[in-house]
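Here the structure comes first, spelled out in structure tokens, and everything after it is commentary.
In the working numbering, the protein residues as written are 12 to 217.
See below:
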């Protein structure tokens, strides 16, 4: 992104640490630390709740690979005896949300439905004003934006692998339709290996 010379007008991110730190790194590297930043729970990662504490391979081994890539099927909800139950239920980042806004579990469809209102109500007006928007978010919310922009099917979005930390670029027409599909900033071989690595993360180890 540094060598591509992108300059932004506003940044948006989630309220989760890894996305915030990614944004800091990008802004520091491009000498744009002064840009305004909007943080929102709507761009946070999908709530895996009952799967919290497991990595993706462990999740696949214990519950099957459907939990990671199914569009409609949510993971098991968090039970009171879950070791992370208290941390999740009392998280200050979500203290102002209603139970409907912070469900006990989310499918990918649920996470996308949560992210899109922020896209439509906050990001779209910025783009229409001619502003360049930098989004630092998570796989679920970013896939949701991609699905919305490109009109991807449920099957296609389930197969879409977004490498962590690899910038994605969308250039939009005036009607907010992409001029071309999402582009990864990186050489072809690096992108290919990164995508393959993400695809392998959710497979159960044999």
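Ideal placement from N, C-alpha and C gives every residue a C-beta, glycine not left out.
Would you kindly report the start and end of the unbroken alpha helix (DSSP H) that includes residue i?
i	result
residue 120	119-129
residue 39	28-40
residue 159	150-161
residue 166	165-169
Which residues mark the beginning and the end of the beta strand (DSSP E) in which residue i is found?
i	result
residue 49	48-50
residue 202	Residue 202 -> not in any beta strand (DSSP E); alpha helix (DSSP H) instead, spanning 199-212.
residue 147	144-147
residue 135	Unbroken run through residue 135 is the alpha helix (DSSP H), 135-139; no beta strand (DSSP E).
residue 21	21-24
Go through its chain and collect everything with a Cβ distance to residue i's Cβ below 8 Å, but skip five positions before and after it.
i	result
residue 122	56, 57, 58, 151, 152, 155
residue 31	24, 25, 50, 147
Which term fits residue i, buried or exposed, when burial requires 16 or more other beta carbons within 10 angstroms of its beta carbon?
i	result
residue 62	Reliability of the predicted coordinates at residue 62 is poor, the pLDDT of 47 falling under 50, and the value obtained from them is presented with this limitation in mind. Residue 62 is buried by the Cβ-count criterion.
residue 47	exposed
residue 162	exposed
residue 175	exposed
residue 34	buried
Please work out which residues of its chain come closer than 7 Å, Cβ to Cβ, to residue i, disregarding the five sequence neighbours upstream and downstream, and give them in chain order.
i	result
residue 218	This structure does not reach residue 218, given that the chain is present from 12 up to 217, and the question cannot be answered.
residue 192	161
When you compare only the Cα positions, how much space is there between residue i and residue j?
i	j	result
residue 179	residue 18	14 Å
residue 42	residue 107	34 Å
residue 149	residue 135	19 Å
With a threshold of 6 Å on Cβ separation, who are the neighbours of residue i within its own chain once the five nearest residues in sequence on each side are excluded?
i	result
residue 51	129
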